[in-house]
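At position 126 of the sequence shown the residue is numbered 126 (UniProt numbering), and the sequence of numbers has no breaks. Written out below as structure tokens is the structure these notes cover.
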Amino acid sequence: MTDLEWAMQYVWDRITATVATGRKTATVGVVGLRTDGTINDLEEENFSNISILFGLGQVLMPDIRQLRETIKPSKTNRGDAISSIVIAMQMIIEYTKKNKYKRKIVLVTNGTGAMSDDNIEGIIEKMKEVNIELVIIGADFDDAEYGVKEEDKDSRKAENKTLLRTLAEDCEGVYGTLEQAVSELDIPRIKVTKSMPSFKGNLMLGNPEEYDTAITIPVERYFRTYVAKPISASSFVPRSGTETGSQAPVKGNIEGDALASVRTSRTYEIIDESAPGGRIDVERDDLAKGYEYGRTAVPIEQTDENVANLQTFAGMGLIGFVQKDQVCFPRQSQML
């Protein structure tokens, strides 16, 4: 197995895990290092053989299939890993601007090739300024805690490892070995959900509006467990034909363009014998809320409904105590 194939195990796992969330704000960008060509906005010698393979955005399954076809072993060893970090920073800054995002760059490399430390202090300062988390994962990188040490490494790779470790530490990021990252892919990811209270109110002993000695305790009730539901599927239908004046689909995304999403809509109708078909459409704003009384619909205005509604609040009250020996309920239902 080559270093590229080994590294892509981790990369594909991270990308597919992001796709599985289904969140449009969970965006991914892919930058290729030591590529045969150069595809980036920085037209300088230091940024040659670095290609933006996928711009920052939501990744869909057709994009993953296209990336699998694009990412292949190259025929060159040129390309600076530090320069690829600069390009990734530029992509993140232009996309997120000053919006609230969690910004993260993951560099996966084998540590070979030439790397320049020019303006490394400026890179570190900019990373901290825009709050970008830096993660550097290397193939055969030494990690004493995990028990990985590459023997007989060449001097350039040793210098690159030292440079990358220093960069990660100065950026307060993470530096690790690829062996540990790949081995941890088998560990299930636990999704931490934010618990929402099913009840939020006061537990009262006595009436606090009448007695100063009454006790009021704010309480919240939460579910102990939640039902883990699978990701819901979206509804799609095959396109019957292209729209007038539309261009042909781009190669590599034919499957995505062949499907159209299903949108639901609701209309309101009333019976009108004079209208064609016996029904006419009405707007939602023209409807009035009402209640069924026998076979008659009784409309009610919002102001009248507010008067009729009881002004209540959520709460739990202790109305009294009963001695244990006088309880006639089964033992399992006793609250001790």
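Where a beta carbon is used, it is the ideal one built from N, C-alpha and C, also for glycine.
Residue nearest to residue i in terms of C-alpha spacing, selected from the options
i, options, result
"Arg14", "Glu145, Ser51, Ile105, Asp212", "Ile105"
"Ser235", "Tyr226, Ile215, Thr264, Asp212", "Thr264"
"Lys98", "Gly320, Asn131, Lys75, Gly317", "Asn131"
"Arg220", "Thr213, Phe199, Thr38, Gly206", "The residue you asked about is not Arg; residue 220 is Glu in the sequence shown. Looking at the Cα atoms, Phe199 is the closest of the given residues."
"Ala158", "Leu60, Gly138, Cys171", "Gly138"
"Thr166", "Val192, Ser183, Val135, Asp140", "Val135"
"Gly111", "Asp154, Arg23, Phe223, Leu56", "Asp154"
"Leu107", "Thr70, Ala168, Tyr222", "Ala168"
"Asn306", "Lys289, Leu42, Val322", "Lys289"
"Thr225", "Tyr211, Arg239, Asp212, Lys194", "Lys194"
"Gln90", "Pro62, Asn40, Gly206", "Asn40"
"Gly201", "Ala314, Arg284, Gly122, Met115", "Ala314"
"Ile319", "Leu205, Ser74, Ala20, Lys128", "Leu205"
"Ala228", "Asp212, Lys191, Arg239, Tyr222", "Lys191"
"Thr2", "Asn309, Arg239, Glu94, Pro73", "Pro73"
"Thr76", "Ala308, Met196, Gly113", "Gly113"
"Glu44", "Gly22, Ala20, Ile87, Val19", "Ile87"
"residue 343", "Met115, Thr312, Arg189, Glu150", "There is no way to answer for residue 343, as the model of the chain reaches only from 1 to 336."
"Tyr222", "Gly37, Ala297, Pro197", "Pro197"
"Gln302", "Thr96, Thr21, Leu287", "Leu287"
"Thr38", "Asp212, Ser84, Asp63", "Ser84"
"Val174", "Glu133, Lys100, Asp285", "Glu133"
Residue i Cβ short of 7 Å to the ligand GDP heavy atom set
i, result
"Arg68", "The model on display carries no ligand, and the ligand GDP is accordingly not part of it."
As assigned by DSSP and simplified to three states, the class of residue i
i, result
"Leu336", "Note that Leu336 scores 47 on pLDDT, short of 50, meaning its location in the model is unreliable and no value can be drawn from it."
"Ala88", "helix"
"Asp304", "helix"
"Tyr268", "strand"
"Ile120", "helix"
"Asn46", "helix"
"Asp41", "coil"
"Ala248", "Because the pLDDT of Ala248 is 36, which lies under 50, any placement of that residue in the model is unreliable, and the number read from its coordinates should be weighed accordingly. Here Ala248 sits in coil by DSSP."
"Val182", "helix"
"Glu115", "Looking at the sequence itself, residue 115 is Met, so the reference to Glu does not match. Coil."
"Pro62", "helix"
"Met316", "strand"
"Met204", "strand"
"Pro73", "coil"
"Asp212", "coil"
"Ser51", "strand"
"Asp325", "helix"
"Ala17", "helix"
"Thr35", "coil"
"Thr25", "coil"
"Ile93", "helix"
"Ala288", "coil"
"Trp6", "helix"
"Gly138", "strand"
"Asp80", "coil"
"Ser261", "strand"
Nonlocal neighbours in the same chain, by C-beta distance under 6 Å from residue i, ignoring five residues either side
i, result
"Val30", "Leu53, Phe54"
"Met316", "Leu203"
"Pro208", "Ala214, Thr216"
"Ala26", "Thr18"
"Val182", "Gln9, Tyr10"
"Ile71", "none"
Cβ distance (whole Å) where residue i is taken to contact residue j below 8 Å
i, j, result
"Glu269", "Asp281", "6 Å"
"Ile124", "Cys171", "6 Å"
"Gln28", "Val59", "At residue 28 the sequence reads Val, which differs from the Gln that was named. Contact holds; Cβ gap of about 5 Å."
"Leu42", "Ile92", "Rounded, the Cβ-Cβ distance is 14 Å, inconsistent with contact."
"Phe141", "Lys128", "Contact flag wrong, Cβ pair sits at about 23 Å."
"Ile300", "Tyr293", "The pair is not a contact, with the Cβ atoms about 11 Å apart (cut-off 8 Å)."
"Arg103", "Thr96", "6 Å"
Beta-carbon contacts of residue i that lie in its chain and below 7 Å, excluding the five residues immediately before and after
i, result
"Asp143", "Gly176, Thr177, Gln180"
"Thr267", "Asp281"
"Ala297", "Gly290"
"Pro284", "Here the sequence assigns Arg to residue 284, which means Pro is not the residue at that position. Taken in chain order, the residues that qualify are Tyr268."
Chain-order list of residues whose beta-carbon lies under 8 Å from that of residue i (same chain, five-residue window excluded)
i, result
"Val237", "Leu259, Ala260, Val262"
"Asp117", "Ile82, Leu163"
"Gly278", "Ile271, Asp272"
"Leu185", "Gln9, Tyr10, Asp13"
"Arg189", "Ala17"
8 Å Cβ cutoff, residue i in contact with chain D
i, result
"Arg34", "Any reference to chain D falls outside this structure, which holds one protein chain only."
Quiz item: Does the pairing of the region 6 to 13 with the region 44 to 53 give three or more beta-carbon distances under 8 Å?
Solution: no
Self-check item: Validate contact between the region 20 to 38 and the region 77 to 85 using beta carbons, cut 8 Å, 3 pairs
Solution: yes
Quiz item: Are three or more beta carbon pairs between the region 57 to 77 and the region 11 to 26 nearer than 8 Å?
Solution: yes
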